[in-house]
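Engineer: For reference, the structure I am asking about is given below.
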């Protein structure tokens, strides 16, 4: 159902934002049957007295804009506020096997779940159960297995309060198997930044955009993935700040922008040029590029280059605040320019031009997305960008810093309330002291390890606090059959998605309130909190009546499972926490007062509060006590899967009509594609070389030496501006081509930005 329509290919001419965004938003509001009511709710989106967007994690300015939402954020809100409902008669009319033939878009568009459900094997349908039956059934299965056989996954949408309870539930049960969305995107950031500067998050705030004189963006398509950030880029560009975009695909949305909240821009003035320069490295070429930039800076310094009467490098900063510079400099000088050009896909002149912009800047922002993190050397990519910034003292200086642009709205906040499989990152001693139990001390499973555990049979249960995990993961060939053999799967969710159809032998759907809905508990309506990409913590209050009277909040569902599963513990006041979420925040503050002291007062103040960042203050909580230059010897970002002759390197991407696995529609407006997601973007010269016309049918097959066949057929090739030898396809449709073992060395993030494939005409 709701499969692709006829593919339409056009050349995009309009900027990001502008009337295109207005038209797209109007269309989805009409489609969801809630145009008038959603329009009223949107006025409160990302506002202090309203709710925080469930889409991206970009920062919330204070004071906010009149309308503090973007096209995709508004789509997410309309999606949650749909008038459609999935009541028992829906499941009575459709078996799970039948629903597997529906598209991802159709499954979610079908509407909101209204009551708890359990899969019935005899009828192959989800049937209603009571909440207590669900909690007791889940607890019975979990009690029958060892704690480390269960995985407690958390989607990055879950609020701080629910996330804190979720990790405590898992640890009281006896496991650190607490993977989350970060394992699939920015875990390379968490590892790389912690090694280099002692914090796992970026150092930038919105004020830095007002003071910077250079912005470099690596591997991040802001217009589709974090559109509200275009406000800061627009303002910087209008001040004359050069914005350098380094991205394999040439994205129209990163070239020009019209602010839909600015009447003058909408009616008269030309759009803002965002990218002053646009550079297109090969897939994985950023590592060699960053090495080349550092090498160029060192060579210029050796030649005696002077900028504003001072040396090119910030020697005082390097001496006082960094460790390992000489070893790093030696390693950079040893690299060969020919190999740097070959590996990066950029000429030495291009690399020199980027370095020239950097040389003239005193306050540089380094922004990046998954174009850096989703490689075998994703951690090294992050560390190299840090090293480039350290050369000129661009960490801990106003208008400067490093800025990972995260995806899910609270993926950073979850980690800060200890959703992590790594015991060294959680305050286990404080948990023991405050809650009267001995937490597990062994390392848990991250996402790809959990998937491997499902395949091997080591994992017996997967509980998901939101998300669409099986659709998000690589290697569907071996993974999906193994997932169906799991004794237990539990999904806390608002809507139906593919992970609910690929389920275990005992499978529960537990429908929860959305962030937009009023959460009433014993003490009255509750607020929750989320943390944005710049460490700002904000309150979120539901405004709309729940989609069903039978829905529970995420904290209520967690408490229900906990009380059925765990023995009573007077130091763990589940009922008190549920009655008043202030008590949850009190407990979070008691665990880690450095970040959360006076949590309840501060989160209610206008604009929320800043959690703090020691690296921003030039306090380095690393093993050396300083910021670390970390030398890089090799230049190949994905050496575990080299591309043989005749193959192409696949990059997975998102459209501007989706958010992660949620597909709002079939129009990728910024790229000029409409009607289908089953496509492969390809350089026109490569298409000519293979004799492929636009719209021709092709199949892709992964090039790997592990004996597993990974292939996708029924795709259509479309021309696009990207380097020769590179192709691009949509996530999650292309996930079956990605091996689980093709992942970042230290972070285990799937290396989805460089998968060698062979292309065959159909």
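In the working numbering, the protein residues as written are 3 to 764. Just so you know, even glycine gets a beta-carbon here, dropped at the ideal spot from N, CA and C. In this text, all values refer to a predicted model and were calculated from it rather than measured experimentally.
Thinking C-beta only, is residue 380 closer than 8 angstroms to residue 757?
Structural biologist: No, the Cβ-Cβ distance between residue 757 and residue 380 is not below 8 angstroms.
Engineer: I want to know whether the segment 363-381 touches the segment 212-222 - three or more CB-CB distances under 8 angstroms.
Structural biologist: Result yes; three or more Cβ-Cβ pairs closer than 8 angstroms.
Engineer: If you compare alpha carbons, which of 437, 311, 162, 243 is closest to residue 574?
Structural biologist: Closest option to residue 574, Cα to Cα, is 437.
Engineer: Suppose the cutoff is 6 angstroms on Cβ atoms and the five residues either side in sequence are ignored; what does the same chain contact list for residue 676 look like?
Structural biologist: Here the set comprises 10, 669.
Engineer: Quick check: the segment 430-444 against the segment 400-408, are at least 3 beta-carbon pairs closer than 8 angstroms?
Structural biologist: No, because fewer than three Cβ pairs between the segment 400-408 and the segment 430-444 fall closer than 8 angstroms, the two stretches do not touch.
Engineer: Please classify residue 103 as buried or exposed, where buried requires at least 16 neighbouring CB atoms within 10 angstroms.
Structural biologist: Residue 103 is exposed by the Cβ-count criterion.
Engineer: Just checking, does the segment 555-562 make contact with the segment 161-175 on the three C-beta pairs under 8 angstroms criterion?
Structural biologist: Short answer: they touch.
Engineer: On the premise that residue 158 lies in contact with residue 184, defined as a C-beta separation below 8 angstroms, what is that separation, rounded to the nearest angstrom?
Structural biologist: The Cβ separation is near 7 angstroms, so the contact holds.
Engineer: Considering just the uninterrupted stretch of the beta strand (DSSP E) at residue 248, what are its terminal residues?
Structural biologist: Run containing residue 248: 245-248, per the beta strand (DSSP E) assignment.
Engineer: With distances taken from CA atoms, which of 739, 629, 635 is nearest residue 326?
Structural biologist: Selected option, being the one with the closest Cα: 629.
Engineer: Kindly provide the ranges of any beta strand (DSSP E) runs that are 3 or more residues long and lie completely inside the segment 600-660, ordered along the chain.
Structural biologist: Runs found: 650-655.
Engineer: Could you tell me the distance, in whole angstroms, from the CA atom of residue 705 to the CA atom of residue 531?
Structural biologist: So the alpha carbons of these two residues sit roughly 44 angstroms apart.
Engineer: So residue 75 and residue 222 are in contact, right, with Cβ under 8 angstroms, and what is the actual spacing, rounded?
Structural biologist: The pair is not a contact, with the Cβ atoms about 17 angstroms apart (cut-off 8 angstroms).
Engineer: What first and last residue would you give for the alpha helix (DSSP H) that runs through residue 455?
Structural biologist: Residue 455 -> alpha helix (DSSP H) spans 449-458.
Engineer: Would you be able to state if there are at least three C-beta pairs under 8 angstroms between the segment 388-403 and the segment 197-213?
Structural biologist: As far as the Cβ criterion goes, the segment 197-213 touches the segment 388-403, which means the pair count is three or higher.
Engineer: Can you grab the Cα-Cα spacing for the pair residue 632 / residue 119, in whole Å?
Structural biologist: So the two alpha carbons sit approximately 51 angstroms from each other.
Engineer: Beta-carbon within less than 7 angstroms of residue 666's beta-carbon, same chain only, minus the 5 sequence neighbours each way: which residues are those?
Structural biologist: Around residue 666: 30, 77, 81, 659, 660.
Engineer: Report the three-state DSSP secondary structure of residue 318 (helix, strand or coil).
Structural biologist: In the structure shown, residue 318 sits in a helix (DSSP, three-state: H, G or I).
Engineer: Quick check on the burial criterion: 16 or more other C-beta atoms within 10 angstroms. Buried or exposed for residue 13?
Structural biologist: So residue 13 ends up on the exposed side.
Engineer: Which value, in whole angstroms, describes the spacing of the CA atoms of residue 174 and residue 569?
Structural biologist: Each residue's alpha carbon lies about 10 angstroms from the other.
Engineer: CB-CB under 8 angstroms to residue 506, same chain, minus the five flanking residues each way: which ones, in chain order?
Structural biologist: Once the five neighbours on either side are set aside, the close Cβ partners of residue 506 are 463, 464, 485, 486, 487, 488, 489, 490, 491.
Engineer: Are the beta-carbon atoms belonging to residue 187 and residue 409 less than 8 angstroms from one another?
Structural biologist: Yes.
Engineer: Would you say residue 59 faces chain B, with C-beta separation under 8 angstroms as the test?
Structural biologist: Absence of chain B from the displayed structure is noted, only one protein chain being present.
Engineer: Going straight from the alpha carbon of residue 732 to that of residue 657, what length do you get?
Structural biologist: So the two alpha carbons sit approximately 7 angstroms from each other.
Engineer: Would you call the segment 50-67 and the segment 534-546 in contact, with 3 or more CB pairs under 8 angstroms?
Structural biologist: Touching, yes, given that three or more Cβ pairs across the two stretches are closer than 8 angstroms.
Engineer: Distance check for residue 430 and residue 130, CA to CA, integer angstroms please.
Structural biologist: Straight-line Cα distance between these residues: approximately 38 angstroms.
Engineer: Under DSSP, the beta strand (DSSP E) around residue 728 begins and ends at which residues?
Structural biologist: 728-732 is the span of the beta strand (DSSP E), which, as asked, contains residue 728.
Engineer: What did DSSP end up calling residue 219 once you bin it into helix, strand or coil?
Structural biologist: Three-state result, residue 219: strand.
Engineer: Do you know offhand how far residue 421's Cα is from residue 336's?
Structural biologist: Going from the Cα of residue 421 to the Cα of residue 336 covers about 41 angstroms.
Engineer: Name, in chain order, the residues that DSSP records as bridge partners for residue 122.
Structural biologist: For residue 122, which the question treats as bridged, DSSP gives the partners 127.
Engineer: Distance, Cα to Cα, residue 499 vs residue 153?
Structural biologist: Taking the straight line from one Cα to the other gives about 19 angstroms.
Engineer: Measure how close the beta-carbons of residue 712 and residue 741 come, nearest whole angstrom, since I'm counting them as under 8 angstroms.
Structural biologist: With 8 angstroms as the limit, residue 712 and residue 741 qualify as a contact, their Cβ atoms being about 7 angstroms apart.
Engineer: Give the straight-line distance between the Cα atoms of residue 622 and residue 605, rounded to the nearest whole angstrom.
Structural biologist: The straight-line gap from Cα to Cα measures roughly 27 angstroms.
Engineer: Identify, in the order they occur along the chain, each residue of the same chain with its Cβ nearer than 7 angstroms to the Cβ of residue 610, setting aside the five sequence neighbours on each side.
Structural biologist: If we look at residue 610 and ignore the five residues flanking it on each side, its Cβ neighbours are 538, 539, 540, 541.
Engineer: What's the gap between the Cα of residue 588 and the Cα of residue 290?
Structural biologist: Answer to the nearest angstrom: the Cα atoms are 47 angstroms apart.
Engineer: In chain order, what residues of the same chain lie with their CB nearer than 8 angstroms to the CB of residue 616, ignoring the 5 residues before and after it?
Structural biologist: If we look at residue 616 and ignore the five residues flanking it on each side, its Cβ neighbours are 200, 201, 622, 623.
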